[in-house]
Structures are given as structure tokens and as C-alpha cells.
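Structural data, given as C-alpha cells:
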């Protein structure tokens, strides 16, 4: 068995040799065109989902804007959906005193707007009213990464989420 230092030295030597003596690395033109096609298909899919007004946002990270620390949500059952003119909220919220609770309700969507900004991302804005509470929602959906950001503003503060958007089925 070789000592660890010698194995590491051999590994780095082989990497250096490949870099010096190896063939130049090139990307085939077909590969670039396939990548461009995949990117265009993804952007088209994102646009279809957003403009359908039938989608589900699934958070993986949440953050109370006042506290600053992020938390993983760890639960697939947390979601926020829009189905035409109705939104369903089932999201974790965190107050400043670190009490976490789940907000659950269905509410009509008011003042819905979806704008394509700089051909790079969709910005969706609308408000909800549930009981005596009013909620402002902003969803930012990039056309290239799929990392969706959502902010929910209430009288008690702002919650931010990072997650993904998918078609409502």
C-alpha cells in the first residue's frame, strides 16, 4: 500500500501531465448547438408554466427577512399554488421570536401581473386576502437556472423562499 502523500503526488503528477501532454480540449459544435437547444426548450417550458397561471411553487429554503438566517424546509408537503384566479398557501412562516407555524388557506388572486424582464426572468406580482389579512406575493422565475425566488409580505414581516416551479396537475 502506498503512503497517502505519495498517492496524492502521483495523482497531481498525472493531472499535470494530461494538461501539458494531453490533446487540446475542444467542445464539439454539435454539443454547443444541443446545449443552446436545451436552454431554449427550458426557457420555453418556464414561459408556458408561468403564462398558464397553473403552477406550484415548492420551497426548499425559507428565510424571515428580519432574522436573516435561512432554514431548509425539509418537507415536500409545503407548497404555494396558483390555479387561475385562486391561490392555495401551505407554507411555513417564522416570526421574529422564532416561532415557526404553517399558514394554510385558499384565496382569490387580485392584481395578478407577470412581466418578462430583460428576456432573463419572469416577475410575477399579485395580492391575496384571507380573513382580515392581506398578503403581497412576488415570484421571480429565471429562464436559465430554475431557481425560483418567492417573497410573501404581510403586516407581520416578509418571508423569502427559494425553490422550484412546476406545472399544476
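Numbering (this note's numbering), first residue to last: 80 to 248.
No residue lacks a Cβ here, since even glycine has one placed at the ideal position from N, Cα and C.
Small disclaimer: the values here were computed from a predicted structure and weren't measured.
Same chain, Cβ closer than 6 Å to residue i, five either side skipped, listed in chain order
i, result
"residue 194", "202"
"residue 150", "141"
"residue 147", "none"
"residue 160", "135, 167 and 247"
"residue 218", "203 and 229"
Residue i to residue j span [Cα, whole Å]
i, j, result
"residue 189", "residue 205", "6 Å"
"residue 122", "residue 198", "10 Å"
"residue 164", "residue 109", "43 Å"
"residue 183", "residue 167", "7 Å"
"residue 186", "residue 180", "19 Å"
"residue 192", "residue 111", "35 Å"
"residue 152", "residue 113", "35 Å"
"residue 224", "residue 119", "12 Å"
"residue 240", "residue 226", "10 Å"
"residue 129", "residue 117", "18 Å"
"residue 244", "residue 220", "8 Å"
"residue 156", "residue 172", "14 Å"
"residue 133", "residue 162", "4 Å"
"residue 242", "residue 228", "7 Å"
"residue 144", "residue 154", "21 Å"
As assigned by DSSP and simplified to three states, the class of residue i
i, result
"residue 224", "coil"
"residue 217", "strand"
"residue 130", "helix"
"residue 123", "helix"
"residue 243", "strand"
"residue 211", "coil"
"residue 117", "helix"
"residue 111", "helix"
"residue 175", "coil"
"residue 182", "strand"
"residue 95", "The pLDDT assigned to residue 95 is 44, lower than 50, so where the model puts this residue is not dependable, and the model offers no usable value."
"residue 155", "coil"
"residue 160", "strand"
"residue 193", "strand"
Cutoff 7 Å; reference residue i; Cβ partners in own chain excluding five residues on either side
i, result
"residue 158", "135, 136, 137 and 169"
"residue 209", "184 and 186"
"residue 174", "235"
Anticipated Cβ contact below 8 Å, residue i with residue j, distance rounded
i, j, result
"residue 233", "residue 214", "6 Å"
"residue 216", "residue 231", "6 Å"
"residue 125", "residue 222", "5 Å"
Same chain, Cβ closer than 8 Å to residue i, five either side skipped, listed in chain order
i, result
"residue 211", "none"
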